[in-house]
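Heads up: the sequence lines are chains A and B, in that order.
Under this note's numbering, the first residue of the first sequence carries the number 722, and numbering increases by one thereafter.
Under this note's numbering, the first residue of the second sequence carries the number 61, and numbering increases by one thereafter.
C-beta atoms are modelled at their ideal positions from N, C-alpha and C, and glycine is treated no differently.
Notes for the one structure printed next.
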Amino acid sequence: MEVLAGRPHELSPQLLESVERYRYKVFVEMLGWELDTPPGLERDQFDHAGTLYLAARDDEQNVVGTARLLPTTSPYLLGDVFPQLMGGATPPNDPLVWELSRFAAVDFTAPNGGALGQFSSPVAVGLLEKSIEMAAAQGAQRLITVSPLGIERLLRREGFRAHRAAPPQIIDGHPIFACWIEVTPRTVPAPRSPAAH
Amino acid sequence: MRTVSSDGYLRLKTRELDRIPLRHLISNVDDEPVPQAPCCGAATTLSGYTEWVSPDEPTLSIGWDWEWRTAPGTRAGVVRLGLPRTNILVVSDACVPLTWEDSLQVLAGFIDAIDWQRAALDAAFGSGNDVTYKN
Chain A
722 MEVLAGRPHE LSPQLLESVE RYRYKVFVEM LGWELDTPPG LERDQFDHAG TLYLAARDDE
782 QNVVGTARLL PTTSPYLLGD VFPQLMGGAT PPNDPLVWEL SRFAAVDFTA PNGGALGQFS
842 SPVAVGLLEK SIEMAAAQGA QRLITVSPLG IERLLRREGF RAHRAAPPQI IDGHPIFACW
902 IEVTPRTVPA PRSPAAH
Chain B
61 MRTVSSDGYL RLKTRELDRI PLRHLISNVD DEPVPQAPCC GAATTLSGYT EWVSPDEPTL
121 SIGWDWEWRT APGTRAGVVR LGLPRTNILV VSDACVPLTW EDSLQVLAGF IDAIDWQRAA
181 LDAAFGSGND VTYKN
């Protein structure tokens with residue numbers, strides 16, 4: 722797997738179109754999001770010349786994961802569309818905080834299921850590590866992201882330092898939450914153990 | 061008055077935590093296995109997650125995984141699995157933050173002191189009512 726990253730002028734038009742097609746497949750066809758987007762392609766008002774894209778590709782050059790990074794000092798998804806997920810706190814507007822959105826790492830060859838269906842390891846882990854690296858290069862110290870609840874488990878399981886900003890909310894039938902992710906290297910966690918009872 | 065810091069944490073002293081009632085928000089059963097360390101003699105058949113909040117703003121949020129544990133020679137029951145996920149950072153009486161891991165351990169002890177199992181299972185299996193626990 723390789724992860725390509727850059728702003729639109731740094732990436733090929735073919736790759737950008739592949740990213741939009743992949744996003745349509747994941748977010749519209751698979752997850753059923755009702756988005757105002759051209760048929761077969763998924764893009765929104767946060768896709769523009771300043772957006773930083775990441776695309777994971779397999780050995781056959783197929784896109785197997787996507788993400789995008791936006792500074793919180795400009796309009797971004799959480800701040801403009803989901804501010805309620807901050808639980809009453811003001812969404813960040815800080816050059817040290819970037820937003821990670823449209824994160825997907827779907828393995829379409831594997832059975833789809835569960836809270837982590839949108840995020841198949843190890844593509845998700847590799848893509849997230851690269852996202853953190855890219856954000857750090859932009860001067861970010863933390864990421865904020867709108868995610869399904871299951872991503873929190875994946876972050877914990879894979880040793881990323883993250884915590885929720887507020888309680889999850891049910892949106893379109895799914896528990897969604899705002900998640901802070903520290904821009905630091907992950908640590909391999911110890912196996913979980915059940916509580917003593 | 062509780063406030064959320066710019067780093068996104070809700071800082072609470074342990075004794076403040078003890079005074080905040082928790083309201084059950086959502087619980088569900090996993091539809092995929094949760095990876096875990098092998099445990100000798102245990103046979104897990106069911107797992108899920110549960111989410112709890114405080115009624116007042118700024119809202120305390122805490123969730124954790126659970127599993128239905130049956131082991132030879134012991135009574136079957138639901139136990140917390142792993143450390144909680146939360147927006148709370150526990151601080152000392154002098155307002156010095158604990159390490160993240162120590163804070164989660166304190167919160168895990170807090171969870172284990174309340175009767176969350178019935179509400180979580182009722183909600184996960186569709187028979188739940190709103191439940192609030194006054195600690």
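- Using a Cβ-Cβ cut-off of 8 angstroms, E750/A does not count as an interface residue toward chain B, since no Cβ of chain B sits closer than that to its own.
- Distances from the alpha-carbon of R877/A to those of R83/B, A136/B, W160/B put W160/B closest.
- By the CB criterion at 8 angstroms, L773/A and R742/A fall outside the cutoff.
- DSSP places D125/B in the uninterrupted beta strand (DSSP E) bounded by 121-130.
- Below the 9 angstroms Cβ cutoff, chain A contributes G808, R885, A886, A887, P888, P889, F898 as neighbours of S121/B, in chain order.
- With the criterion set as a beta carbon lying under 8 angstroms from some beta carbon of chain B, the members of the stretch 868-883 of chain A are L870, E873, R874, R877, R878, R882, in sequence order.
- Bounds of any alpha helix (DSSP H) do not take in F748/A, whose DSSP letter is neither H nor E.
- For T146/B, a Cβ of chain A is located within less than 8 angstroms of the residue's own Cβ.
- Contacts with chain B at 8 angstroms (Cβ-Cβ) do not include W819/A.
- Leaving aside the five residues that flank E111/B on each side, the residues in its chain whose CB is nearer than 6 angstroms to its CB run, in chain order, L85, I86, G123.
- Any Cβ of chain A closer than 8 angstroms to the Cβ of E161/B would place that residue at the interface, and such an atom is absent.
- Straight through space, the alpha carbons of A861/A and L737/A are spaced by roughly 24 angstroms.
- Inclusion of A180/B and V138/B in the CB contact set at 8 angstroms is warranted, their separation being smaller than that value.
- In this structure, F881/A sits near L849/A, with a CB-CB distance shorter than 8 angstroms.
- Distance from the Cα of G809/A is smallest, within the candidate group S121/B, G169/B, D162/B, G133/B, for S121/B.
- As the crow flies, the alpha-carbon of V904/A is around 7 angstroms from that of A856/A.
- Residue pairing from DSSP leaves V156/B without any beta-bridge partner.
- Taking a Cβ-Cβ cut-off of 8 angstroms, the neighbours of L85/B in chain A comprise P888, P889, given in sequence order.
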